[in-house]
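Note sheet for the following structure.
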Amino acid sequence: MPVPAFLKQPHTLYEIAEQYWDLRSYPTQYVFSLLAQVLHDFHKSASKLTLEVVFELFSTIKPRSFSIASSCLPSGGRDIDLLVAVVNYKTKLLKPRLGLASNWLKDLNIGEKVYGWIKPGTLVFPKDSSTPHILIGPGTGLAPFRSLLQEREKLQTAKKDALHLIFGCRYKEKDFHCREELERMVKQDKLTLYCAFSRDQENKV
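In the UniProt record's numbering, the protein residues as written are 1 to 205.
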């Protein structure tokens, strides 16, 4: 098998297992089939357990994409904000499920480096700032619209008659992302904001 691009530089097997293999992913039928072949007669096949087989068993971590939640104008392009929900819940069988990327980001210390790249987005906004915008961004879906709001505010073109944001989440006190920033823009007549908090009402709509 060809050497993956990320292994062009020397790495220990421990580094590969820790940083590159997705050890939390669900095994595919192919993995079970390959594992069955290896374990069928393990005392004879253990010595033939090559790196190629190991790499076939474990898939590499797939890149996670996040929408940038800030405009480049306020910081001059030096800073990037991400709006990430930490995935941490239990299944119906009470087994914990942790998001790989979100929990990794959560556990980083201040000053640690995060490597990534920027891809062109597909969301295109009208160039005319007076054109009415209806922005629907529940939860972390607020991210790209926060970028727009920051940019329009920096350019002094943010007007409540043109910017209409519909935001929704479960709880106002727990999940209202960027609350202070949005409420400030509303008070300054830069934004019209519509909110829905599904678990704070009896019907849970």
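From the three backbone atoms N, C-alpha and C, an ideal C-beta is built for every residue, glycine too.
Residue i (DSSP reduced to helix, strand or coil)
i: T140; result: helix
i: Y26; result: coil
i: R64; result: coil
i: N103; result: helix
i: K95; result: coil
i: L191; result: coil
i: L83; result: coil
i: F58; result: coil
i: K119; result: coil
i: Q156; result: coil
i: A36; result: helix
i: E202; result: coil
i: D128; result: coil
Per DSSP, cross-strand counterpart(s) of residue i
i: A196; result: G168
i: I134; result: H164
Where the alpha helix (DSSP H) through residue i begins and ends
i: L182; result: 179-187
i: Y14; result: 13-19
i: V114; result: Note, V114: premise wrong, no alpha helix (DSSP H); not H, not E.
Residues of its chain near residue i, where Cβ-Cβ distance is below 8 Å and the 5 sequence neighbours each way are ignored
i: residue 206; result: Within the shown structure, residues of the chain are numbered from 1 to 205, placing residue 206 beyond reach of any answer.
i: F145; result: L135, G137, L165
i: S162; result: It is worth fixing the name first, because residue 162 is Ala in this sequence and not Ser. S129, S130, T131, P132, H133, listed in sequence order.
i: F125; result: H133, L148
Which listed residue (the options) has its alpha carbon closest to that of residue i
i: T131; options: A36, L123, L83, K160; result: K160
i: Q150; options: E15, Q37, L191, H11; result: L191
i: R184; options: C169, D175, E153; result: E153
i: Y171; options: A158, N203, V114, S198; result: S198
Close-in-space but distant-in-sequence residues of the same chain around residue i (CB under 7 Å, 5 per side omitted)
i: V84; result: F66, S102, L105, T140
i: S57; result: A small correction: the amino acid at residue 57 is Leu; Ser does not occupy that position in the sequence shown. Contacts found: V31, L34, L35.
i: I80; result: I68, S70
Start and end residues, beta strand (DSSP E) containing residue i
i: K90; result: 88-90
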